[in-house]
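Heads up: the structure comes next, in structure tokens.
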Amino acid sequence: MSTVLRLSDVSKSYGNFQAVKSLGFEVQRGQICGFLGPNGAGKTSSIRMILGLQAATSGSIEILGADDGRKVRDRIGFLPEERGLYKKMTPVEAIAYLGSLKGLPASEGRKRARDMLEQMGLGDSQKKKMKDLSKGMAQKVQLIASVVHQPEFVILDEPFSGLDPMNQQGLEAMIRSLAENGATVLFSTHVMQHAERLCDKVVLLARGQKAFEGTVEQARATSPRFLEINGALDLKSVAALPGISGFEQVEQHGDVFSIKARLAPDAEVQQTLRTAFMSNMDVRSFALREPSLHDAFIALTGANPDDDQRHKTDAAVTETAR
Amino acid sequence: MNRTLLIAQREVLAYVKTVGFWLSLLSLPFFAVLGGFMPVLLKRAEPLQQYAIVEDGAGNGTLAASVRQALEADYQRNTLSSLALAAVAEAGITGRDAVRKAGDTGGYDAALAELKRVAPRAAASFKQPRRSVVEVEAPSDLVAAAAGTAKDDMARQWVDGDATVGEHKLSAVVILSEKNGAPAARIWSRRAANNDVEGMIKSALAEVNRKQTFAANGVDADVVKAVESYRPDVTFLSPRAASGGEVSFRDRLPMIIGLVCGFMMWSLILTGATMLMNGVMEEKSNKILEVLLSSVTATELLVGKVLGVAVLTLTVMGGWALISTVGLSVTLPEVARDIGSVMLANGLWLYLLLYLVGGYLMYAVLFAAIGAFCETPRDAQTLMGPVMMALIVPLLFMQMAIRSPDALLLKVLSFIPPFTPFIMSARAPSQPPMIEVIGSLIVMFAFAVLMMWLSGRAFRAGAMSDAKLSWKSFLGAMRSQ
């Protein structure tokens with residue numbers, strides 16, 4: 001596999017504020033890479049540097065073999081976080097126009113636009129003005145516009161935000177389809193489930209620095225597994241079971257305890273449970289909890305992505321109230 | 323197609339599809355035509371007004387006769403003016419002067435004969451001006467009423483009631499009298515706001531009084547007439563006149579063209595630059611700029627937009643020029659020829675085009691850079707205030723540039739690039755020294771290049787910035803991008 005994107009020791013400062021610090025990671029051809037991080041982590045700044053929209057303060061970026069994103073812009077598709085298109089254009093006009101700026105002939109752009117709009121369920125809206133489309137529809141149009149020229153490398157900044165669950169599912173399918181057709185995809189998101197379902201690789205960013213780079217499985221492995229045990233238990237005996245490294249949470253209801261116990265990385269759960277039953281512990285229920293990407297995100301960045309989502313929702317409510 | 327041209331093409335199509343563009347293209351000629359025909363249309367639409375003249379007391383009708391004579395003389399003068407004016411379209415200013423001269427010496431018939439000679443088509447269609455205010459014979463009860471209050475009461479009844487004289491009601495009653503030995507009048511009018519009759523009567527009484535005063539002092543009426551009809555024969559000469567001697571209307575045309583060009587230049591540049599700024603602001607607020615900048619360079623985007631709006635501006639200017647040329651060629655062919663010869667003389671049209679291009683470039687890139695920092699016109703106000711104040715300066719000096727194109731202050735202002743396009747457009751038709759024309763063009767274009775470079779930097783920074791616009795952030799962006 002060849003390297004499509006390589007960032008080496010990239011930093012970006014705005015005055016005294018350092019938005020990105022010594023960032024380095026790689027994306028290989030054909031991969032779907034999730035670019036994850038809480039608000040203000042430096043994702044958008046990094047994406048703008050990758051595209052050449054902003055210059056890095058230091059470090060180097062290699063993209064599609066070039067040292068500047070601007071040199072290979074026709075081979076890149078980009079969906080920015082803040083989206084918008086010309087309100088008086090029809091979807092076909094908007095897609096064909098943005099395609100033509102990427103070197104796609106206008107007639108071919110219009111043809112592809114019509115086909116892709118049909119595929120995305122927007123066949124009936126082809127002749128409407130952009131201002132008459134719903135937010136979700138407009139977002140789909142913009143997504144089509146970013147890939148209509150069939151780019152080798154697609155960069156999507158928060159592509160799922162503002163979409164309803166049905167459209168999110170459609171977008172997931174579209175991203176998979178892009179990868180199946182040979183495109184490399186880098187997308188930022190706060191919704192860990194999307195990254196978990198889609199990504200071959202994730203890069204986690206916190207406070208401008210890389211917190212993790214690897215596969216989803218590797219990310220999960222950075223968080224502990226938990227064993228949830230319920231029953232009339234003696235806490236000391238439970239703590240002494242093999243593989244138990246500590247308690248995350250303990251709740252007591254009468255003489256019944258609900259314990260969420262951390263498992264050591266090399267713990268064998270069968271052995272732990274066998275020992276518990278052989279010791280005649282009053283175990284009434286148990287469950288093994290494997291870590292999710294969400295857990296890994298919290299463990300690695302120290303921030304909860306749901307807080308980001310809540311923060312965004314609060315901001316949207318405040319903006320609407322204004 | 324080249325990306326810059328694609329941006330320019332979209333810019334043109336986006337504006338051409340709007341009603342506002344066509345309104346701005348057609349509004350100037352429309353209002354010019356409307357302004358020209360409106361007085362005629364209004365005059366024709368005016369309802370007929372009837373008035374009656376009576377003398378107060380036991381007058382023998384002498385005063386009323388004198389007033390009627392003065393009113394008729396005034397109407398004849400208007401008719402002669404109309405005759406002279408009718409000659410302009412077909413025979414130009416020379417024809418107008420010939421008809422006027424014939425009228426002064428031989429009256430209406432001589433003037434009409436001259437019009438037939440110099441402008442036969444105009445003479446064939448000439449109609450004497452319509453009298454919208456007509457005197458009718460005074461009702462007998464009004465004539466018979468006793469002088470003073472009784473006469474006033476009767477006049478009031480005639481202008482207040484529904485009684486008619488012939489088919490129409492009386493609009494006004496003029497009661498003539500002598501006051502302190504001079505002619506005077508009391509006018510009763512149906513409408514308080516209508517002063518048409520008042521104006522006519524005032525003018526006529528002044529004329530009557532003048533004649534009476536001359537007669538009382540032993541001055542012969544024919545002498546008065548001869549003195550009044552005298553038109554001083556002054557020949558204005560200049561070595562810079564086209565004829566090499568006598569200055570004609572053609573020689574004064576450059577001043578008029580300069581004034582018109584200066585104002586049009588100001589209007590076009592400001593309109594184009596503002597259009598550009600609004601377009602950039604719209605793209606910024608709609609979050610389109612970032613999408614565009616991922617496909618084209620900031621320079622391509624800026625140049626494309628500047629080029630697109632320039633095409634629109636030139637289209638509007640070309641449209642105005644075409645409509646004006648056709649309009650003038652049809653209505654005033656001689657004037658159109660003169661304007662054409664002034665514009666073509668010494669490459670004036672080329673200088674004006676260069677000043678338009680330079681001025682547009684300077685202001686367009688500056689306005690676009692300001693727009694890149696703003697999402698609403700309110701955001702832009704911080705910077706636009708001082709820019710607009712600077713744009714007012716050339717307007718203040720443009721009049722001066724027409725009267726005294728060689729004034730030292732204007733020469734200095736001509737070399738200050740932000741003012742150059744407007745001041746020099748006003749001065750250029752008066753043929754300033756070539757060194758000043760070329761020098762000011764070089765300085766202006768050098769400054770335009772500098773502005774494009776600086777504003778290009780600010781545009782790039784502004785397009786990707788969420789910073790609040792201020793002079794500090796704007797100048798900082800120009801320096802540090």
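Taken in order, these protein sequences are the chains called A and B. Under the working numbering, think of the first position of the first sequence as 1, with each following residue one higher. Under the working numbering, think of the first position of the second sequence as 323, with each following residue one higher. Idealized CB from N, CA, C, for every residue including glycine. All values derive from a computational prediction rather than experimental measurement.
By the beta-carbon neighbour count (other beta carbons within 10 angstroms, threshold 16), M710 (chain B) is exposed.
Among the residues of the segment 56-87 of chain A, those with a Cβ less than 9 Å away from any Cβ of chain B are G69, R70, R73, D74, I76, G77, F78, L79, P80, E81, E82, R83, G84, L85, Y86, K87, in the order of the chain.
The segment 737-745 of chain B makes contact with the segment 673-689 of chain B; the number of CB pairs closer than 8 Å reaches 3 or more. Residue state for I244 (chain A) is assigned as strand, using DSSP reduced to three classes. Around the beta-carbon of V10 (chain A), 16 or more other beta-carbon atoms lie within 10 Å, marking it buried. Neighbours of S617 (chain B) in chain A, taken as residues at a C-beta separation under 7 Å, are given in chain order as R73, L98, L101, K102. As the crow flies, the alpha-carbon of P265 (chain A) is around 8 Å from that of G243 (chain A). Out of A:V20, A:T3, A:M166, the CA that lies nearest to the CA of R207 (chain A) is found in A:V20. Listed along the chain, the chain B residues whose CB falls inside 8 Å of the CB of L53 (chain A) are E612, L615, S616, M786. Three or more Cβ pairs closer than 8 Å define a contact, and the segment 74-87 of chain A meets that threshold against the segment 138-157 of chain A. Here K339 (chain B) is exposed: its Cβ has fewer than 16 other Cβ atoms, across all protein chains shown, within 10 Å. Shown here, V410 (chain B) sits in a helix according to DSSP, grouped into three states. DSSP places I738 (chain B) in no beta strand (DSSP E); its state is neither H nor E.
Runs of beta strand (DSSP E) with 3 or more residues, each lying fully within the segment 245-278 of chain A, are found at 256-263, listed in chain order. In this chain, the alpha helix (DSSP H) harbouring Q142 (chain A) covers 135-147. In the displayed model, P224 (chain A) falls within coil according to three-state DSSP, outside both helix and strand.
Following the DSSP letters along the chain, one finds C583 (chain B) inside the alpha helix (DSSP H) bounded by residues 571-607.
Three or more beta-carbon pairs separated by less than 8 Å are not found between the segment 217-227 of chain A and the segment 185-193 of chain A, which leaves the two stretches without contact. In the three-state reduction of the DSSP assignment, Q126 (chain A) falls in the coil class. When secondary structure is reduced to three states using DSSP, S616 (chain B) falls in the coil class, being assigned neither helix nor strand. Around F767 (chain B), the same chain offers G680 as residues with beta carbons nearer than 7 Å, after the five sequence neighbours per side are excluded. Judged by beta-carbon spacing, V638 (chain B) lies beyond the 7 Å limit of L575 (chain B), meaning their Cβ atoms are not closer than that value.
Think of a sphere of 7 Å around the beta carbon of R325 (chain B): the chain A residues whose beta carbon falls inside it are L101, in chain order.
With respect to chain A, the C-beta atom of L730 (chain B) has no partner C-beta closer than 7 Å.
Residues of the segment 6-34 of chain A that bring their beta carbon within less than 7 Å of a beta carbon in chain B are absent altogether. Only those residues of the segment 33-50 of chain A whose C-beta falls short of 8 Å from the nearest C-beta of chain B are listed: R48. When DSSP states are grouped into helix, strand and coil, A469 (chain B) belongs to the coil group.
Contact annotation: the segment 448-468 of chain B touches the segment 364-378 of chain B, with at least three C-beta pairs closer than 8 Å. Residues of chain A whose Cβ lies closer than 8 Å to the Cβ of N668 (chain B) do not exist; the shortest such Cβ separation is about 44 Å. Annotation note: the segment 166-220 of chain A contains the following uninterrupted alpha helix (DSSP H) runs of length 4 or greater, listed N- to C-terminal: 192-198. In chain order, R418, V421, R422 place their CB closer than 6 Å to the CB of A406 (chain B), counting only its own chain and leaving out the 5 sequence neighbours on each side.
Restricting attention to B:G662, B:A723, B:S651, B:M599, the CA atom closest to the CA of L705 (chain B) is found in B:M599.
Residues of chain A with a Cβ closer than 7 Å to the Cβ of R332 (chain B) are, in chain order, Y97. Counting C-beta atoms within 10 angstroms of its own C-beta, T698 (chain B) has fewer than 16 neighbours from the protein chains shown and is therefore classed as exposed. Counting the other Cβ atoms within 10 Å of the Cβ of R284 (chain A) gives fewer than 16, which makes it exposed.
L328 (chain B) reaches chain A at S100, L101, counting residues in chain order whose Cβ is nearer than 7 Å.
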